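Presented below is the structure to which this report refers.
Protein chains: 2
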Amino acid sequence: MLLQRVLFALKAHNVRYPWVVCSDLLLGPSSLSFRSHTCGELRSDHVGQKVTLCGWVQYLRQDLFVILRDFSGLTQVLIPQEESANNLKAALCGLAVESVVKVTGTVRKRPAGQENKLMPTGEIEILAQNLEVFNICRKLPFEMKEFVKKSEALRMQYRYLALRSSQMQKNLRLRSQLVMKMREYLCNVHGFVDVETPTLFKRTPGGAKEFVVPSREPGLFYSLPQSPQQFKQLLMVAGVDRYFQIARCYRDEGSKPDRQPEFTQVDIEMSFVDQAGIMALVEGMLQFSWPAEKGPLQVPFQVMTYNEAMRDYGVDKPDTRFNMKLIDLSEVFSSTKIEFLRSALSQSEGSIQAICVPSGAVRTNPVKLLSVPETENLLSRAEAKPGDLLLIAAGSLRLPLLGNLRLQCAQLLESHGLSLRDPSAFHFLWVVDFPLFLPKEDNPEELDSAHHPFTAPRTEDTDLLLSEPHKVRGQHYDLVLNGCEIGGGSIRIHKASLQLHVLKNILKEDPSLLSHLLEALDSGAPPHGGIALGLDRLVSVVVGASSIRDVIAFPKSFRGHDLMSHAPDTVSEEELKPYHISIKWPTEQRGGGGGGGSAGK
Amino acid sequence: MLLQRVLFALKAHNVRYPWVVCSDLLLGPSSLSFRSHTCGELRSDHVGQKVTLCGWVQYLRQDLFVILRDFSGLTQVLIPQEESANNLKAALCGLAVESVVKVTGTVRKRPAGQENKLMPTGEIEILAQNLEVFNICRKLPFEMKEFVKKSEALRMQYRYLALRSSQMQKNLRLRSQLVMKMREYLCNVHGFVDVETPTLFKRTPGGAKEFVVPSREPGLFYSLPQSPQQFKQLLMVAGVDRYFQIARCYRDEGSKPDRQPEFTQVDIEMSFVDQAGIMALVEGMLQFSWPAEKGPLQVPFQVMTYNEAMRDYGVDKPDTRFNMKLIDLSEVFSSTKIEFLRSALSQSEGSIQAICVPSGAVRTNPVKLLSVPETENLLSRAEAKPGDLLLIAAGSLRLPLLGNLRLQCAQLLESHGLSLRDPSAFHFLWVVDFPLFLPKEDNPEELDSAHHPFTAPRTEDTDLLLSEPHKVRGQHYDLVLNGCEIGGGSIRIHKASLQLHVLKNILKEDPSLLSHLLEALDSGAPPHGGIALGLDRLVSVVVGASSIRDVIAFPKSFRGHDLMSHAPDTVSEEELKPYHISIKWPTEQRGGGGGGGSAGK
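Chain order of the listed sequences is A and B.
Quick note on the working numbering: the first sequence kicks off at 65 and runs consecutively.
Quick note on the working numbering: the second sequence kicks off at 65 and runs consecutively.
Below is the structure:
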């Protein structure tokens, strides 16, 4: 400690190198800094020490105290009252809030009875001896304490002020820590290689959600990729063995609200591994990186098949923090006389299902439609108690109606004070055995990839690829946290012949568009698989944020705008010239004419 | 070891979780994998062990050996010759090179005299007992051993094959390790926060090198930023205190060769710090992350002022691995009668300088132009010995002529076998005290920022900002390694009034374009500074690569093309519609007409 103070003094006198030579002694958040401590760390152990703090003026109190803030917390600075310190007193009392200062002083115990137990530094205060004003806060768009009441738009415009809140500071720091631990786990524990892949890429055919980037060659465009999928597979073909990247990805969702046009995924790919290996890796990574203050994470996570998820929760990403599972009542109504129920049961995958909302009904509703045995059978099957509400739906098993209703009921019950889901609980769940293909929405006779065309079939289902492809299950796994899909991955097809069959014969796509991938698979591709986790979503669930915007430093608005810098912005036709593009204004488009000045006659 | 094998056996039988529970025992590059070891790690210590290797068939030898390869090296597999193993023998002998296999067998010592000392695994071989062929290599564009002879274009097209070379594997792994250690140093040692900043940003006015990204709103464009400069300063205003990011940046250099349109920088910003603090931080970071096999790095690095660099080396990024400094001969010729020398000396900043190339001349050249005292004076001043070559230039001090000549001479001498620069030496150098402003190239009466308009002046020069701005030195520092500029940074202006003065009165720029930054500085900005290191360049110097393409997994070609996937590519007018742009083909442009089909008559 003495040595540290000696070094600090040397540094204060602009002696440049001693503290580097002894750098082991000057680590942590105040290394190489004008301050000796942060505003959040002083305790009664420090009483008597001379310290230097740097920070923002949070507020002044009674011309006696300045409360100083930095990222780590608050410290109370006592303004000296004796006459000899009049200049210092005047300077301190005149500080505008949010001004940035350096205060040197001595740590002292607060007088008995004046401790603040709610404040981590509440046992002490700093008797100011010196003040340097780095910057005066001359202008704020509004008072900081009014900030939370301001509109979202205003808070986005002054994002750098919003980020000063302790919550945003915590969110950004937790995110950084989580990612750092993930990297340590992947790199240092399991020998993964962090490889950067290009973001100026080729447009995926039909990739309607891909931003285009004009090049200086007429008519040629790069595209910002939605994920490094092709590159990570090529890295396995290249023998990189274990790849990861915290990858920036892009998706142009147009006007879809609450989507960020750029987002981040934890992207992982591994050779010579099976599905269980990837799942164990991800479990280990989350356990390793999980913030200590959120309690330990139990592994392995629960595993559920897609069919089980759909049957019990009516959705492929169930929130397993509460029960209220779907109850199959098809048998109860097997000989019902009610016409719409009979008709529902007669269709393919038709069923009658219910959820039982505990205490969901104020009084028992007599169900006039049902016969007495049906009612009795129904109530016993649903294990419904008096006061419970039964919601019954009839139709295709695949319809998300009851799954959605289940979540809405939970929200409704919670908004009425019922504690259904523990807000501090984290329920991780793997969903596996997805169908490899699903009927196309616009043409149910044809098949589409349930996830993407590179997913390998389950080995025991491979033969079905030729006969009944719709029955094939994929080696795909989704990771769900508290009902949010936070990741998905698969073992990939590593043989060119199988990949070609899937593309050409099942998906009816033009395989020449992926010729470089097919060629790569034929040059010696190892078995491989991987996963991608949505980092923004994962962090937002971990910190309990209502939007991913709360875990991103500079998010875009609902409409994809940066309200602080005004992006996107206009660009002159002159500046577009090197890119060989011109703007097609909607009116001209309606007029059906060409571009430029020739639109008239 | 026994436990490890038990766990491995359990895993081989698809028992999923035991090795997770005991995960401490199954770490490293073969964790969770089909293999028990990599192809580079077996030694005579392993003799007698049953092992499983996965890898690529490097080559076959005499129907006796298969050489198996993975990222870590090569292992020799012995093909069993006894009759009972005929099937296995046939399978192994029939393997096409670059096929991917799993081999199980027993480690044995090579027979005496057959060890290969050049091969890390050369003491042992694996007696094969089992083979699984994962994938047959059916097609290679050429033989792998011919690869290095192929054209750059072909090697880029088959990049995944180029990456299989041990050199590229090493480069990518060294890069990953270096970055990982940098992160550990910044995050874990000094409390930095890894914050991601947007890459869909607003176009910088006049930012001719910024790619544009059309949005779905007519006439509005995002822009891919050249660096996170504005965001990192705003993060300091936001109180984040210590930010870093391994940031993807974009620069559209058009047709400039050997530039990558996207590149990566280690981006750092700190509050409450001075120039010496940032320099010490970077020195510590490089020392901490420096690859052990490159020898220890000495800190502090040498520091040189801009004026010293220009005077002694004729360049602001001197290669200090060799001497051959510039010698000022102005005094020698102070009363010369040679007209062009007199004229050179009479101009502003005019001088006569020389470099002395040791043994650069085969025989002494009689210099007929010079008088005897001039020649004697000259030779003594240059400390030239018989056989040395003196290159003399007269003109402005700022011309890069002799600086370039010095480097070209070094190359020339080295190409003739002289060892001038130690290829294993790493000379780091800080260049400081740059002028804050330089005369504009097209109009020397006006000033431009030497680096960028946010650089703070040296405190003692601040007053000159009003009177003689061209004399102001900036708090800017460049980091040079072996004559390559690998980084640059500065202490920033943190007061709005000063920033406004620089923008408006000195640079004559429209300050409203940076109004959000000026407003931010007035809301309580701390003193701050930072640096950005060019990661691609740094890694390429460390590994001794001739191009940054050798340290990037999927680089673009000279012309900015991805030759593997064919990016950039055409996009249909239909797909451009949502972005309200159309292509302006050069011929149409020349014709002056509009777009689309209306171009004719």
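Just so it is clear, CB atoms sit at the ideal spot from N, CA and C, and this is done for glycine as well.
Computed from a prediction, not measured in an experiment: that's the story for all the values here.
Can you find a CB in chain A that lies within less than 7 Å of the CB of residue i?
i: B:E326; result: yes
i: B:K358; result: no
i: B:W649; result: yes
i: B:S100; result: no
i: B:P591; result: yes
Identify which residue in the options has its Cα closest to the Cα of residue i.
i: B:L545; options: B:V495, B:P533, B:H491; result: B:H491
i: B:Q297; options: B:R445, B:K559, B:K620, B:I550; result: B:K559
i: A:K568; options: A:G552, A:F518, A:E549, A:G593; result: A:F518
i: B:L443; options: B:W494, B:I391, B:L476, B:S483; result: B:I391
i: A:E274; options: A:V253, A:Q294, A:R239, A:Y314; result: A:Y314
i: B:Q113; options: B:T139, B:L142, B:T168; result: B:T168
i: A:L96; options: B:S610, B:L477, B:G348; result: B:G348
i: A:R485; options: A:A474, A:L493, A:E162; result: A:A474
i: A:E105; options: A:P269, A:G186, A:V164; result: A:G186
i: B:Q668; options: B:C157, B:G137, B:T139, B:G467; result: No statement about residue 668 of chain B is possible, as the shown extent of chain B runs from 65 to 665 and does not include it.
i: B:P360; options: B:E207, B:Q339, B:M208, B:V606; result: B:V606
Could you check what DSSP says for residue i in three-state terms: helix, strand or coil?
i: A:E248; result: helix
i: B:P521; result: strand
i: B:A272; result: coil
i: A:H254; result: coil
i: B:T439; result: helix
i: B:G593; result: strand
i: A:C86; result: Annotation note: pLDDT 41 at A:C86 (below 50); position unreliable, no value reported.
i: A:S531; result: helix
i: B:T328; result: strand
i: B:G169; result: strand
i: B:F129; result: strand
i: B:F265; result: strand
Provide the residue span of the beta strand (DSSP E) that contains residue i, from first to last.
i: B:L502; result: 501–503
i: B:N194; result: 188–199
i: A:Y541; result: 540–545
i: A:E179; result: Note, A:E179: premise wrong, no beta strand (DSSP E); not H, not E.
i: A:S460; result: 453–460
i: B:K49; result: The structure shown has nothing for residue 49 of chain B, since chain B only spans 65 to 665.
i: A:L482; result: Element bounds for A:L482: n/a, residue is neither H nor E.
Please check if any C-beta of chain B sits within less than 7 Å of the C-beta of residue i.
i: A:S229; result: no
i: A:K266; result: yes
i: A:F352; result: no
i: A:I416; result: no
i: A:G158; result: no
i: A:E438; result: no
i: A:P93; result: yes
i: A:N199; result: yes
i: A:V606; result: no
i: A:A311; result: no
Within the continuous alpha helix (DSSP H) that includes residue i, where are the two ends?
i: A:Y224; result: 223–226
i: B:S554; result: It is not in any alpha helix (DSSP H) - B:S554 instead sits in the beta strand (DSSP E) that spans 548–555.
i: B:Y370; result: 370–377
i: A:D600; result: 599–607
i: B:I342; result: 339–353
i: B:K153; result: 150–157
Report yes if the C-beta distance between residue i and residue j is below 7 Å; otherwise report no.
i: A:A446; j: A:I416; result: no
i: A:E196; j: A:K173; result: no
i: B:Q351; j: B:V363; result: yes
i: B:L511; j: B:F501; result: yes
* If you measure beta-carbon to beta-carbon, which residues of the region 534–565 of chain A are closer than 8 Å to chain C? -> Protein chains A and B are contained in the structure displayed, whereas chain C is not.
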